[in-house]
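Residue 1 is where the sequence shown starts when you use this note's numbering, and the numbers rise one by one after that. Okay, structure first, notes after.
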Amino acid sequence: MGLPGVSAAWAEGGPVILAQHPGTELDRQARLLVSPDLHDAAMQNERPVLLTGSGRLSDDPPRTALFVQLQSASLCGSAGCSTSVYLPDGRKWIQVLDSVSGPITITPEMHEGMHDLLVDGTDRWVWNGSTYADTQATAEPTPTR
1 MGLPGVSAAW AEGGPVILAQ HPGTELDRQA RLLVSPDLHD AAMQNERPVL
51 LTGSGRLSDD PPRTALFVQL QSASLCGSAG CSTSVYLPDG RKWIQVLDSV
101 SGPITITPEM HEGMHDLLVD GTDRWVWNGS TYADTQATAE PTPTR
């Protein structure tokens, strides 16, 4: 699944830049993924800001993730607004990281062929074969390159 119009939001290692991309395919896909949250916010008379970004999480095969964050009073708490990460799987998207708060960096370190993600500068998430797992909850696995 390609992501036309992602050049402004692209990260290949380094920080994932989240920004508004109204009218793009990236924005359209993200709105479909978070439509229940958009509906709930509308029921509270809110118009959340939708931020998106993308980044390559693996090289072989190339897998480009979609990073999505909604910002509104009801959706953001004391820790800030949360970001979710999705990977394409055929004609659908699979959520591989749900609701983390803080800036996200794609690191050079890899586990099972996917780059690790660093959230808020200190919280490392590693690929376990099907999703990203928080290393703060378990002993940190040895990275591969």
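The C-beta atom is built at its ideal place from N, Cα and C for all residues, glycine as well.
Contact set for residue i: own chain, Cβ-Cβ below 7 Å, skip 5 residues either direction
i	result
V100	S82, T83 and V119
S130	none
A79	S101
A73	E46
Q71	P48, V49, L51 and C81
Q146	Past the boundaries of the shown model lies residue 146; the chain is included only from 1 to 145, so the question cannot be answered.
Within 9 Å, strictly: CB atoms of residue i and residue j
i	j	result
L97	T107	no
G121	G102	yes
W93	L38	no
P48	L75	yes
Cutoff 6 Å; reference residue i; Cβ partners in own chain excluding five residues on either side
i	result
L66	S54 and Y86
T153	No answer is possible for residue 153: the residues shown for the chain start at 1 and end at 145.
S7	Note that S7 scores a pLDDT of 40, beneath 50, so its modelled location is shaky; the value from the coordinates is reported in the next line. Closer than 6 Å at the Cβ level, and outside the excluded window around S7, lies no residue.
D134	W125
Residue i versus the options, residue with shortest Cα-Cα distance
i	options	result
T24	T105, V16, T122 and L50	L50
P61	P22, P88 and A79	P88
Alpha carbon of residue i to alpha carbon of residue j, nearest angstrom
i	j	result
T52	Q69	6 Å
G113	N45	43 Å
P4	A30	Interpretation of P4 is limited by its pLDDT of 46, a score under 50 that renders its predicted location unreliable; no figure is taken from the coordinates.
R63	L57	6 Å
R28	N128	29 Å
D59	G13	11 Å
H115	Y132	10 Å
G2	A41	Per-residue confidence for G2 stands at a pLDDT of 48, beneath the threshold of 50, marking its modelled position as unreliable; no derived number is given.
H21	H111	31 Å
D123	E109	14 Å
Q95	L26	15 Å
Sheet register partners of residue i (DSSP bridge)
i	result
S101	S82
R63	S58
R124	L118
Q69	L51 and T83
D134	W125
G77	G80
Residues near residue i in its chain [Cβ-Cβ closer than 8 Å; skip 5 each side]
i	result
L18	A9, L51, T52, G53, F67, Q69 and T83
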